[in-house]
Amino acid sequence: MTKQATAPMEPCCEELGGDSAGQRARRMFLAIRPKFLTASILPVIVGTAWGAGVAGEFSWGIALLAVFATALVHAASNVINDVSDDMAGGDRMNVERIYPYTGGSRFIQNEIMTAKEMNRLGYGLLAAAAVLGLLLTMIKGPLVLGFGLAGVAIALFYSLPSVQLAGRGVGELCILIAFGLLPVCGAAWLQSGIVDGPSVLVAIPVGLWVTLILLINEVPDRRSDEASGKRTLVVRLGIDGTRKLYLALHVAAFTCVLALALTGLMPWWTALGATVILAGGIRASQGIGDPGTGREALTRSIEMTLGLQAAGSVLMILGAIF
-8 MTKQATAPME PCCEELGGDS AGQRARRMFL AIRPKFLTAS ILPVIVGTAW GAGVAGEFSW
52 GIALLAVFAT ALVHAASNVI NDVSDDMAGG DRMNVERIYP YTGGSRFIQN EIMTAKEMNR
112 LGYGLLAAAA VLGLLLTMIK GPLVLGFGLA GVAIALFYSL PSVQLAGRGV GELCILIAFG
172 LLPVCGAAWL QSGIVDGPSV LVAIPVGLWV TLILLINEVP DRRSDEASGK RTLVVRLGID
232 GTRKLYLALH VAAFTCVLAL ALTGLMPWWT ALGATVILAG GIRASQGIGD PGTGREALTR
292 SIEMTLGLQA AGSVLMILGA IF
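Under my numbering, the final residue of the sequence shown carries the number 313; numbering is consecutive throughout.
Below you can see the structure in the form of C-alpha cells.
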C-alpha cells in the first residue's frame, strides 16, 4: 500500500488551506483529531458518575471543568505526538498506515501546518488546560494539582524525543494511567473527596479499553516505528505476541468488571455487558495481522476496538449511576 493510494482519504491543503481566521481555526481544530477525544472524555464521565454516587450529590460545574481540562491535555498530547513522530521520521516513512486511525493526523506530512505551528498549538492547548487546572485547584484544593501535573507529564514524556516513553515499551502502561487511573480516580475524587480501592477497580478496565486502542493502532505502524527507533510493544512482541496481549488485556478488563459485580459495587448486569465486550474483543483479535495482507480485516478490528471502548465506558457510567 503506497502513500499515493491512501492520500485521497487524508487531509489536504486544497481543502484546508486559507488565511482567514475561520480557516485557521478549522485547521487547528482538526489537527487535534477531535473525533478521538472521547477516549479521554468518557473516562472522566465514568469517574464523575462513580464519585457522585459515592457522595450522593453531583456538581455540574466541577464535572465540566474536569472534562474540558482533560480533553485539552489529550488534544495537546495528540498534536505534540504528531510533531515528535515527524521529527523521528516514523510518520513520513509510514506507508502501511490506516488513516485516520494510525500514522498521525498527516497535517505536517501533507504540508497543511508546519511542525512549528503544530508545536505552538500543542503547548497553547497545555496552557489552556493549566488555566482550568488552576481554577479547579482553587476550588477543590492542591491534590488537583497532583492529578494535573501527572497527566501533563505523561502527555509530554510519552512523545518528547529525549524521553519518548512510547518507544520504550511502556507507552501502553502510560495510556492505562493517563486514560484510566488519573481521569477516573481524579474525577471521582472531585465529586466525593475519596480515592479508594473500588475507585481503582473501576478505573482499570476503563484504562485498559483505551490501551487496547493504542495497542491495535500500533500494528499497521509497526515497521515504520521500528525503522525510526520507536520500539513499541508491538515492535517488541511481533504480530502473534500482540494478538495474545490484546486478548489478555480484554480478559483483565472483564475480570475487573466481574469483580465489581460480584462484590455488589456495580449491578449484576454490568458483568453481562462485560461478557459481550469480551466476546467482541475475541472477535476483533482475529483481525490482528500483517497490514500488507490483511488490511481490511485489521481496519475492521481497529474500528471494533474503538466501539468496544465506547461501549465499555457507557456500561461503567450506567453501572455507576444505577
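From the three backbone atoms N, C-alpha and C, an ideal C-beta is built for every residue, glycine too.
Notebook entry, point to check: Would you call the stretch 50 to 64 and the stretch 123 to 132 touching, i.e. three or more CB-CB distances under 8 Å?
Noted result: yes
Check: Where E209 and L238 are concerned, what is the direct C-alpha to C-alpha distance, given to the nearest angstrom?
Finding: To locate residue 209, count along the sequence shown from 1; it is residue 218. To locate residue 238, count along the sequence shown from 1; it is residue 247. Distance between the alpha carbons of E209 and L238 is about 15 Å.
Next item on the list: From the DSSP output, in three-state form, read off V186 for me.
Entry: On the sequence shown, residue 186 is found 195 positions in, with the first residue counted as 1. If DSSP states are grouped into helix, strand and coil, V186 belongs with coil.
Note to self: Quick check: what's the CA-CA separation for I308 versus I36?
What the structure shows: Position 317 of the sequence shown holds residue 308. Position 45 of the sequence shown holds residue 36. Looking at the two C-alpha atoms, the distance is approximately 7 Å.
Notebook entry, point to check: What separation, rounded to the nearest whole angstrom, lies between the Cα atoms of V70 and M109?
Noted result: Working through the sequence shown from its first residue, we reach residue 70 at position 79. Working through the sequence shown from its first residue, we reach residue 109 at position 118. For V70 and M109, the distance between alpha carbons rounds to 6 Å.
Notebook entry, point to check: Which same chain residues, not among the five before or five after K26, have their C-beta less than 6 Å away from its C-beta?
Noted result: If you number the sequence shown from 1, residue 26 lands on position 35. Counting only Cβ-Cβ distances below 6 Å, and skipping sequence neighbours, we find nothing.
Note to self: Please state the DSSP three-state secondary structure of M104.
What the structure shows: If you number the sequence shown from 1, residue 104 lands on position 113. If DSSP states are grouped into helix, strand and coil, M104 belongs with coil.
Note to self: Just to confirm before moving on: does the CB-CB distance between P152 and S75 stay below 8 Å?
What the structure shows: Here residue 152 refers to the residue found at position 161 of the sequence shown. Here residue 75 refers to the residue found at position 84 of the sequence shown. Yes, the pair counts as a contact, with Cβ atoms nearer than the cut-off.
Margin query: Below 8 Å on the Cβ atoms is my contact criterion, and I expect I312 with G44 to pass it. Report the Cβ-Cβ distance as a whole number of Å.
Written below: The residue labelled residue 312 in the question sits at position 321 within the sequence shown. The residue labelled residue 44 in the question sits at position 53 within the sequence shown. 7 Å between Cβ atoms; contact.
Check: Going by the beta-carbon positions, is the gap between T233 and L205 smaller than 8 Å?
Finding: Position 242 of the sequence shown, counted from the first residue, corresponds to residue 233. Position 214 of the sequence shown, counted from the first residue, corresponds to residue 205. It is not a contact, given that the beta carbons lie outside the stated cut-off.
Check: Per DSSP, what kind of secondary structure is E1 in: helix, strand or coil?
Finding: Residue 1 sits at position 10 when you count from the first residue of the sequence shown. Reduced to three states, the DSSP call for E1 is coil.
Notebook entry, point to check: Among residues of its own chain, excluding the 5 on either side of E5, which ones have a beta-carbon nearer than 7 Å to its beta-carbon?
Noted result: Residue numbering aside, residue 5 sits at position 14 when the sequence shown is read from its first letter. Contacts found: none.
Item checked: Where R111 sits in the DSSP three-state scheme -> Taking the first residue of the sequence shown as 1, we reach residue 111 at position 120. DSSP places R111 in helix when its eight states are reduced to three.
Item checked: Boundaries (first-last residue) of the alpha helix (DSSP H) holding N69 -> The count along the sequence shown starts at 1 and reaches residue 69 at position 78. Element bounds for N69: W51 to A79.
Next item on the list: Please report the residue range of the alpha helix (DSSP H) in which F245 lies.
Entry: On the sequence shown, position 254 is the one that residue 245 refers to. Start and end: L224 to L253.
Next item on the list: Please state whether DSSP places I99 in a helix, a strand or coil.
Entry: Within the sequence shown, numbered from 1, the residue matching residue 99 stands at position 108. I99: coil per DSSP, three-state reduction.
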